[in-house]
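Novice:
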Amino acid sequence: MTENVDTTLAPKRVRPPSNWLSRLFESKQLGWIALALAVAIPFINATPYVLNVLTTAAIFVLLASGLNIVVGYCGLLDLGYIAFMAVGAYTAGIVSKAFELPLLFTVPVVLVMTILAGLIIGAPTLRLRSDYLAIVTLGFGEITRITANNLAITGGPSGIFGIPGILKIGDFDFQQPAVFYFVTVFVVAGMVLAAARLGKSRLGRAWRFVREDEDAAEAMGIHTYKVKLLAYIFGAIWGGIGGVLFAGHFSAVAPQSFIFLQSALVLMAVVLGGMGNTRGVVLGALVISLLPELLRDLAEYRYLAFGILLVIVMVFRPQGFWPARGYEPERVPTGDKEPAVAGGTK
Amino acid sequence: MSAVLEVKDLQIAFGGVKAVDGLSFDVHAKQIVAVIGPNGAGKTSAFNCITGFYKPTAGSVLLNGNAITGKRPADIAAAGVSRTFQNLRLFPDLTVLDNVRAGMHLYGGQSWADAIFHTPRFKRSEAWYTEEAHRWLDFVGYTGPRGVPIRNLAYGQQKQVEIARALARKSDLLLLDEPAAGLNYSEKQRLLELCNRIRELGTAIVLIEHDMGLVMEVSERVVVMNFGKEIAEGTPAQVKANPAVIEAYLGRDEDEEVPHGDA
Numbered sequence: 210m211t212e213n214v215d216t217t218l219a220p221k222r223v224r225p226p227s228n229w230l231s232r233l234f235e236s237k238q239l240g241w242i243a244l245a246l247a248v249a250i251p252f253i254n255a256t257p258y259v260l261n262v263l264t265t266a267a268i269f270v271l272l273a274s275g276l277n278i279v280v281g282y283c284g285l286l287d288l289g290y291i292a293f294m295a296v297g298a299y300t301a302g303i304v305s306k307a308f309e310l311p312l313l314f315t316v317p318v319v320l321v322m323t324i325l326a327g328l329i330i331g332a333p334t335l336r337l338r339s340d341y342l343a344i345v346t347l348g349f350g351e352i353t354r355i356t357a358n359n360l361a362i363t364g365g366p367s368g369i370f371g372i373p374g375i376l377k378i379g380d381f382d383f384q385q386p387a388v389f390y391f392v393t394v395f396v397v398a399g400m401v402l403a404a405a406r407l408g409k410s411r412l413g414r415a416w417r418f419v420r421e422d423e424d425a426a427e428a429m430g431i432h433t434y435k436v437k438l439l440a441y442i443f444g445a446i447w448g449g450i451g452g453v454l455f456a457g458h459f460s461a462v463a464p465q466s467f468i469f470l471q472s473a474l475v476l477m478a479v480v481l482g483g484m485g486n487t488r489g490v491v492l493g494a495l496v497i498s499l500l501p502e503l504l505r506d507l508a509e510y511r512y513l514a515f516g517i518l519l520v521i522v523m524v525f526r527p528q529g530f531w532p533a534r535g536y537e538p539e540r541v542p543t544g545d546k547e548p549a550v551a552g553g554t555k
Numbered sequence: 005m006s007a008v009l010e011v012k013d014l015q016i017a018f019g020g021v022k023a024v025d026g027l028s029f030d031v032h033a034k035q036i037v038a039v040i041g042p043n044g045a046g047k048t049s050a051f052n053c054i055t056g057f058y059k060p061t062a063g064s065v066l067l068n069g070n071a072i073t074g075k076r077p078a079d080i081a082a083a084g085v086s087r088t089f090q091n092l093r094l095f096p097d098l099t100v101l102d103n104v105r106a107g108m109h110l111y112g113g114q115s116w117a118d119a120i121f122h123t124p125r126f127k128r129s130e131a132w133y134t135e136e137a138h139r140w141l142d143f144v145g146y147t148g149p150r151g152v153p154i155r156n157l158a159y160g161q162q163k164q165v166e167i168a169r170a171l172a173r174k175s176d177l178l179l180l181d182e183p184a185a186g187l188n189y190s191e192k193q194r195l196l197e198l199c200n201r202i203r204e205l206g207t208a209i210v211l212i213e214h215d216m217g218l219v220m221e222v223s224e225r226v227v228v229m230n231f232g233k234e235i236a237e238g239t240p241a242q243v244k245a246n247p248a249v250i251e252a253y254l255g256r257d258e259d260e261e262v263p264h265g266d267a
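These protein sequence lines are chains A and B, in that order.
Position 120 (the first sequence) corresponds to 329 in the working numbering; numbering is contiguous.
Position 103 (the second sequence) corresponds to 107 in the working numbering; numbering is contiguous.
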């Protein structure tokens with residue numbers, strides 16, 4: 210680096226392309242804008258259909274942001290992610306029915322169960338990489354569904370129905386569709402924010418180190434198995450909370466909601482949106498969950514159109530709509546004291 | 005004075021091949037020890053045994069008097085050994101700063117809960133990470149861009165960042181695997197000077213290197229390996245005059261310019 214060509218270029222690369230769209234995407238207020246939109250929609254149109262679609266989409270966003278922790282941050286390909294939602298939904302359903310509890314109070318049990326599920330899938334697969342891991346997680350997803358299909362406690366193929374509402378205080382029922390939608394939106398917003406913040410923390414960096422080069426991460430003193438387990442656990446928690454919302458939304462849980470296609474769709478949302486970037490993943494999840502509804506006019510061709518659109522996106526944006534970008538400011542304005550230790554070495 | 009690193013009769017075999025066969029040497033604080041030898045002599049295998057990436061079949065490795073033999077790489081790193089790799093093992097899609105932050109990972113100062121709730125402690129910790137990362141980049145004399153993904157950078161710059169990352173670990177012992185490979189003359193001069201400054205920090209260095217000029221100038225002791233065996237150990241001058249070393253590695257006409265077998 211005697212000829213410091215890169216240094217002169219550096220300042221320009223700090224904030225790369227800046228058309229209005231990417232400025233919007235980068236803006237700090239984007240999250241608030243999205244939340245405001247999500248809250249505003251029911252005031253414009255609150256038909257049961259719209260509320261149903263939007264609530265489902267919000268839950269899907271939550272799942273995608275959870276899977277993004279596992280796949281996007283940590284690079285562990287998980288093809289059975291929906292199993293964590295199944296564990297959450299069944300646990301919530303079973304506990305709330307058995308004890309006549311509002312769903313909200315099942316959350317602690319759900320957390321315990323999903324963390325256990327995360328450990329069960331995580332611990333034996335720590336040594337596996339990419340393709341092997343994908344196969345095992347695929348198996349885990351199917352095992353969960355088939356088990357639910359065959360156990361008495363999970364209600365077999367017909368599942369659990371008549372699940373109590375999420376919460377009722379006096380006469381105010383949080384289960385009313387509009388109220389439940391708002392509850393969902395706020396829970397999801399909080400969890401998405403938390404996932405994004407985790408991504409930009411010490412733990413989030415550790416996940417990326419593991420994704421990029423496990424050996425190098427080990428050599429820096431990072432216990433890769435702990436870090437990977439934490440990715441599974443956090444992913445599982447996000448999925449489990451998604452399960453509680455799912456159980457609340459439909460007040461019924463059945464095995465066919467947790468087929469492989471669902472795992473694939475969540476993964477698709479992550480890949481389509483841009484792995485590792487929470488904002489992109491939220492966008493991807495909204496597209497995946499809302500696009501089939503918007504294409505409803507095409508009747509039986511809508512999934513064909515959906516598929517074609519996805520292929521087109523992946524051809525033109527192979528990294529997803531909005532990939533994680535590895536740029537950060539060059540210098541902190543405060544710490545600009547010239548080489549503290551390396552004083553007169555030039 | 006007790007040694008930072010004591011390697012005693014280290015052995016590792018892959019099937020029938022004894023990659024390292026009875027290697028012993030000590031490294032003291034602020035010392036720079038070079039390990040030289042032809043390609044395939046077992047130098048990198050020895051490094052991998054010391055850092056836990058391979059489990060030695062026999063022998064022991066002591067760090068500050070404590071056995072670290074056969075522990076996990078992460079535990080050995082935490083005990084105070086950091087390293088660079090022969091063929092750069094950086095985190096290609098992450099920024100230069102993030103790469104250096106990896107070395108500081110163990111100095112944490114924040115939990116995941118701090119991160120989720122953005123506590124003051126989290127902000128302090130992140131500010132510290134950034135400042136410290138800049139400081140180490142300055143220390144190694146890195147002048148390139150810092151906020152860009154590292155895969156976009158020139159090879160020499162990547163090598164500097166890898167050393168900065170290893171230094172940020174603030175370990176007692178630094179293992180450098182061919183730090184000069186692929187560097188031009190002035191970069192090598194800077195590396196030499198950097199090694200001396202690292203020594204001033206109180207860190208002991210073991211380096212594998214083919215560049216004999218660098219080895220002779222920087223190291224206090226030289227360990228020579230061939231076919232997994234240690235064939236000589238001593239000061240650079242002693243090693244240079246040793247017939248077995250000349251035969252195996254340096255070449256008969258004892259030229260300073262050594263036949264280059266690069267990795």
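Backbone N, C-alpha and C fix where the C-beta goes; we use that ideal spot for every residue, glycine too.
All of these numbers come straight from a predicted model, not from anything done at the bench.
1) Under 9 Å, Cβ to Cβ, is there at least one residue of chain B near residue 529 (chain A)?
2) So, does the CB of residue 282 (chain A) fall closer than 9 Å to a CB anywhere in chain B?
3) For a contact defined as C-beta to C-beta under 9 Å, what are the partners of residue 74 (chain B) on chain A?
4) According to DSSP, residue 378 (chain A) sits in a beta bridge with which residue or residues?
5) Using a C-beta cutoff of 9 Å, does residue 58 (chain B) count as contacting chain A?
6) The alpha helix (DSSP H) that contains residue 200 (chain B), what's its start and end?
7) Between residue 408 (chain A) and residue 70 (chain B), what straight-line distance do the alpha-carbon atoms span, to the nearest angstrom?
8) In chain A, what lies closer than 7 Å to residue 4 (chain B) by C-beta?
9) From what residue to what residue does the beta strand (DSSP E) around residue 25 (chain B) run?
10) If you measure from the beta carbon of residue 89 (chain B) to each beta carbon in chain A, is any gap under 9 Å?
11) Please report whether the beta-carbon of residue 317 (chain A) lies at a distance below 9 Å from any beta-carbon of chain B.
12) With a cut-off of 9 Å, does the C-beta of residue 431 (chain A) fall near any C-beta of chain B?
13) Does the region 196-214 of chain B come close enough to the region 446-456 of chain A to have 3 or more Cβ pairs within less than 8 Å?
14) Between the Cα of residue 387 (chain A) and those of A:260, A:231 and A:529, spot the shortest distance and give me the residue it belongs to.
15) Return the bridge partner residues of residue 233 (chain B) from the DSSP annotation.
16) Along the chain, which unbroken stretches of the alpha helix (DSSP H) at least 4 residues long are found entirely within the region 81-157 of chain B?
17) If you reduce the DSSP assignment to three classes, tell me which class residue 534 (chain A) lands in.
18) Between the Cα of residue 459 (chain A) and the Cα atoms of A:370, A:397, A:533 and A:447, which residue gives the shortest distance?
19) Find the residues of chain A that neighbour residue 169 (chain B), judging by a C-beta separation of less than 8 Å, and give them in chain order.
20) Go ahead and label residue 239 (chain B) buried or exposed: buried means 16 or more other beta carbons lie within 10 angstroms of its beta carbon, across all protein chains shown.
21) Are the CB atoms of residue 466 (chain A) and residue 247 (chain A) nearer to each other than 9 Å?
22) Can you name the start and end residues of the alpha helix (DSSP H) that residue 404 (chain A) belongs to?
23) Give the secondary structure of residue 11 (chain B) by DSSP, where H, G and I count as helix, E and B as strand, and everything else as coil.
24) For chain A, find out if any of its Cβ atoms is closer than 9 Å to the Cβ of residue 36 (chain B); answer yes or no.
25) Contact criterion: CB-CB distance below 9 Å. Does residue 258 (chain B) meet it with respect to chain A?
26) Quick check on residue 49 (chain B) - is its C-beta less than 9 Å from some C-beta in chain A?
27) Along chain A, which residues have their Cβ under 7 Å away from the Cβ of residue 101 (chain B)?
28) Hey, residue 456 (chain A) and residue 339 (chain A): beta-carbon distance below 9 Å or not?
29) Assign residue 64 (chain B) to one of three DSSP states: helix, strand, or coil.
30) Is the CB of residue 186 (chain B) under 9 Å away from at least one CB in chain A?
31) Note down, in chain order, every chain A residue with its Cβ under 8 Å from the Cβ of residue 122 (chain B).
32) Going by the DSSP bridge assignment, what does residue 248 (chain B) pair with across the sheet?
33) Measure from the alpha carbon of residue 93 (chain B) to the alpha carbon of each residue in B:224, B:164 and B:40, then state which is nearest.
34) Give a yes or no on whether 9 Å exceeds the smallest Cβ distance from residue 128 (chain B) to chain A.
35) Starting from residue 418 (chain A), find everything on chain B with Cβ-Cβ shorter than 7 Å and list it in chain order.
36) At which residue ranges does the region 246-283 of chain A contain complete alpha helix (DSSP H) runs of 4 or more residues, listed in the order of the chain?
Specialist: So, to answer that:
1) So, not an interface residue.
2) No, because no Cβ of chain B sits closer than 9 Å to the Cβ of residue 282 (chain A).
3) Going along chain A, no residue has its Cβ under 9 Å from residue 74 (chain B), so there is no contact; the nearest lies around 14 Å.
4) Residue pairing by DSSP places residue 378 (chain A) opposite A:381 in a beta bridge.
5) Residue 58 (chain B) has a beta carbon lying at 9 Å or more from every beta carbon in chain A.
6) It spans 189-204 - the alpha helix (DSSP H) in which residue 200 (chain B) sits, taken as one unbroken run.
7) Approximately 36 Å between the Cα atoms of the pair.
8) What the structure shows of chain B is the stretch from 5 to 267, and residue 4 (chain B) is not part of that stretch, so it cannot be assessed.
9) Per DSSP, the continuous beta strand (DSSP E) segment holding residue 25 (chain B) begins and ends at 21-31.
10) Yes, contact with chain A.
11) Not one chain B Cβ lies under 9 Å of residue 317 (chain A).
12) Contact with chain B is found for residue 431 (chain A), since one of that chain's Cβ atoms lies less than 9 Å from the residue's Cβ.
13) The region 196-214 of chain B vs the region 446-456 of chain A: no contact.
14) Distances from the CA of residue 387 (chain A) to each of A:260, A:231 and A:529 were compared; the closest alpha carbon is that of A:260.
15) Residue 233 (chain B) is bridged to B:230.
16) Counting only runs of at least 4 residues, the region 81-157 of chain B fully encloses the following alpha helix (DSSP H) elements, listed from N- to C-terminal order: 100-107, 116-121 and 124-143.
17) Three-state result, residue 534 (chain A): coil.
18) Of the candidates A:370, A:397, A:533 and A:447, the residue whose Cα lies closest to the Cα of residue 459 (chain A) is A:370.
19) Near residue 169 (chain B) (Cβ distances below 8 Å), the residues of chain A are 429.
20) Exposed, since its Cβ has fewer than 16 Cβ neighbours within 10 Å.
21) No. Outside cutoff.
22) Following the DSSP letters along the chain, one finds residue 404 (chain A) inside the alpha helix (DSSP H) bounded by residues 386-408.
23) Three-state result, residue 11 (chain B): strand.
24) Chain A has no Cβ within less than 9 Å of the Cβ of residue 36 (chain B).
25) Because residue 258 (chain B) sits at a pLDDT of 48, beneath the cut-off of 50, its placement in the model cannot be relied upon, and the point is left open.
26) No - not a single Cβ of chain A is within 9 Å of the one on residue 49 (chain B).
27) At a C-beta separation below 7 Å, residue 101 (chain B) has these neighbours in chain A: 537.
28) In this structure, residue 456 (chain A) keeps its C-beta atom at 9 Å or more from the C-beta atom of residue 339 (chain A).
29) Residue 64 (chain B): strand per DSSP, three-state reduction.
30) Not one chain A Cβ lies under 9 Å of residue 186 (chain B).
31) Identification of chain A residues near residue 122 (chain B) by a Cβ-Cβ cut-off of 8 Å yields 406, ordered along the chain.
32) Residue 248 (chain B) pairs with nothing; no bridge assigned.
33) The candidate whose alpha carbon is nearest that of residue 93 (chain B) is B:164.
34) With 9 Å as the cut-off, residue 128 (chain B) does not count as an interface residue toward chain A.
35) Close partners of residue 418 (chain A) in chain B (Cβ separation under 7 Å): 95 and 106.
36) Annotation: the region 246-283 of chain A contains the following complete segments of the alpha helix (DSSP H) (minimum length 4 residues), in chain order: 257-276.
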